[in-house]
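Everything on this sheet refers to the single structure shown next.
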Amino acid sequence: MVLELFLDLYSPPCRAIYIFTRKNSIPFEMHPVELAQGEHLKPEFLKVNPLEKVPALRDGNFLVAESESSSEGWELDQGAALGLKLGASEWKGPVDAVQLQQPLGKLTPALQHLDQEVLAARPFLATEQVSRADLMAFTELMQPTAVGCDLFQDWPWLAVWRACVEATLGLELVQEAHRC
C-alpha cells in the first residue's frame, strides 16, 4: 500500500512534505486539496481529516489528521533523517508593495538575526547539513517570492543558505514544489 498525501502546494508546510518525500524517495500518491476552493471542507476530505487541515497523510489504515503530530510518528516510521512540523498557510493573491511594508518591517529583525548571527557562522540552521529546520524555514521564506518579494536579496548569508539548500535538495525539485 502506498502512502497518500493530501496537500495544497500553496502551503509552505505542504511543500516541505512534498520536497521531503521526493528527496527521500518515499513512494506516495498525491491528492491535491485546493484550500482556496474550499476542498478541505468537502465531505470526501473530511473523511480524511475532520479537522479540515492540510497536510494530511494516510498510510493504509493509519491516518494522520492532526497536523502538529504528523511528522514525529511518520518520521520515526519512515526512518527518515529529516522531520517536519506540519500546519497550513497560504497567500491569497498578489500583494501591493505598500501592503508588504509593515509585515516585512516586522520580519527584518528575524532576517537580520538569521543572516548575521546564525548563517554567518554555519552553512545551515541547526547542523552541518540540511535539517528539518532548514526545510521548514526554506519553504516559509520562499512563500513571498510568489508575489514578487525576494526576502533573500538584501541578506548575503541568507542568499548563500538558500543556494545551498536548493543545491542539496535539487533545483528541479525545489522549482517543482514551488510551481503552484
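Read in UniProt numbering, the sequence shown has 11 at position 11, and its numbers run on one by one without any break. C-beta: ideal position from N, C-alpha, C; glycine also. Here the structure is a predicted model, which means the values were calculated and not measured.
Asked	Found
Can you give me the start and stop residues for the beta strand (DSSP E) that residue 4 sits inside?	3-7
Decide yes or no for the touch test of the segment 158-173 against the segment 130-139: beta carbon pairs closer than 8 Å, at least 3 of them.	yes
Work out the CA separation of residue 147 and residue 28 for me, nearest whole Å.	29 Å
If contact is defined by three or more beta carbon pairs under 8 Å, each pair taking one atom from either stretch, is the segment 32-39 in contact with the segment 2-15?	yes
Ordered along the chain, which non-local residues of its own chain (more than five positions away) have a Cβ less than 6 Å from that of residue 16?	84, 135, 136, 139
Residue range of the alpha helix (DSSP H) that residue 113 falls in?	97-113
Out of 99, 162, 40, state which residue places its alpha-carbon closest to the alpha-carbon of residue 111.	162
Mind checking whether residue 173 and residue 22 have CB atoms under 7 Å apart?	yes
Could you pull the start and end residues of the alpha helix (DSSP H) that residue 156 belongs to?	156-169
Give the range of the beta strand (DSSP E) segment to which residue 57 is assigned.	56-59
Alpha carbon to alpha carbon, how far is residue 122 from residue 159?	13 Å
For residue 92, I'd like the list of residues in its chain whose CB is within less than 8 Å of its CB, leaving aside the five on either flank, ordered along the chain.	With a pLDDT of 46 at residue 92, under the threshold of 50, the modelled position of that residue is not reliable, and no figure is offered here.
I'd like to check one pair, residue 120 with residue 157: are the Cβ atoms closer than 7 Å?	yes
Mind checking which residues open and close the alpha helix (DSSP H) that includes residue 62?	Premise fails: residue 62 lies in the beta strand (DSSP E), 62-64, not in any alpha helix (DSSP H).
Quick one: what does DSSP say residue 88 is sitting in, helix, strand or coil?	Only weak support exists for where residue 88 lies, its pLDDT of 29 falling under 50; the value from the coordinates is given anyway. If DSSP states are grouped into helix, strand and coil, residue 88 belongs with coil.
Just reading off the beta strand (DSSP E) that residue 29 is part of, what are its end residues?	28-32
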